[in-house]
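**Student:** Mind looking over this structure? Questions follow.
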Amino acid sequence: MNVIDESGILAISTRLQRLAEQLRKEGVLIYKANNIEFEPKWFPVIYTLHFKPMLSVVEIAAEIGYTHPSTISLLKELEKEKLIRSKKDKADERKRLITLTTKGQELIERMKPVWEIIKAAAAEIADTQNNLMKAITEAEEKLKQQSFLDRALRLKAKM
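Residue numbers (my numbering): 13 to 171.
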């Protein structure tokens with residue numbers, strides 16, 4: 013056991029990041045094993061546009077829960093890969109509407125069976141004694157009720 017593992021809850025962010033990195037890194041390998049060139053970081057945007065075919069940048073950011081700058085960065089990558097396109101909203105010139113390209117739609121069709129495999133493999137990993145997905149959902153709900161910072165400041169005031 014290393015120092016980070018021994019630190020327990022203090023290293024929760026590091027442990028979650030480590031888990032996410034491993035899943036992301038091996039996710040690339042799963043796609044490659046299925047002859048698909050795809051970065052898992054693109055998934056939230058592509059998946060969202062699969063179900064909601066035309067969204068503004070702000071709407072995509074809200075859907076995936078990322079900041080506006082992070083979302084724009086992802087969109088630039090996806091546009092460079094020709095998986096999405098953007099056009100100005102006729103009603104509001106400042107607003108850009110994002111849609112999948114034909115290449116993006118074709119990619120999704122190729123990925124659908126792989127998503128089923130990923131879902132099954134991830135379900136095995138998350139199927140722990142304390143159910144990882146349920147625990148993540150509960151932690152996210154607690155953060156919505158009161159932020160990490162606000163909790164820390166409240167606890168500091170009590171000390």
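Ideal Cβ placement from N, Cα and C applies to all residues, glycine included.
Looking at valine 57: is its Cβ nearer than 9 angstroms to the Cβ of isoleucine 72?
**Tutor:** In contact: valine 57 and isoleucine 72 (Cβ atoms closer than 9 angstroms).
**Student:** Using only alpha-carbon positions, find the residue among Trp127, Lys170, Ala138 that is nearest to asparagine 46.
**Tutor:** Among Trp127, Lys170, Ala138, the Cα nearest to that of asparagine 46 is on Trp127.
**Student:** Assign phenylalanine 160 to one of two classes, buried (16 or more other C-beta atoms within 10 Å of its C-beta) or exposed (fewer than that).
**Tutor:** Looking at its Cβ environment, which holds fewer than 16 other Cβ atoms inside 10 Å, phenylalanine 160 is exposed.
**Student:** Would you give the residue range spanned by the alpha helix (DSSP H) that arginine 30 belongs to?
**Tutor:** Segment 24-45, the alpha helix (DSSP H) holding arginine 30.
**Student:** Is it right to say methionine 123 is buried, meaning 16 or more other beta carbons lie within 10 angstroms of its own, or is it exposed?
**Tutor:** Methionine 123 comes out buried.
**Student:** Who are the near neighbours of threonine 60 in its chain, counting only those whose CB is closer than 8 angstroms to its CB and skipping five residues on each side?
**Tutor:** The answer, listed in chain order, is Leu67, Ile72, Glu75, Ile76.
**Student:** Measure the beta-carbon distance from isoleucine 96 to leucine 90 and round it to whole angstroms, keeping in mind my assumption that it falls under 8 angstroms.
**Tutor:** Yes, isoleucine 96 and leucine 90 are in contact; Cβ-Cβ is about 4 angstroms, under 8 angstroms.
**Student:** DSSP three-state call for lysine 100: helix, strand or coil?
**Tutor:** The answer is strand: DSSP assigns lysine 100 an E or B state.
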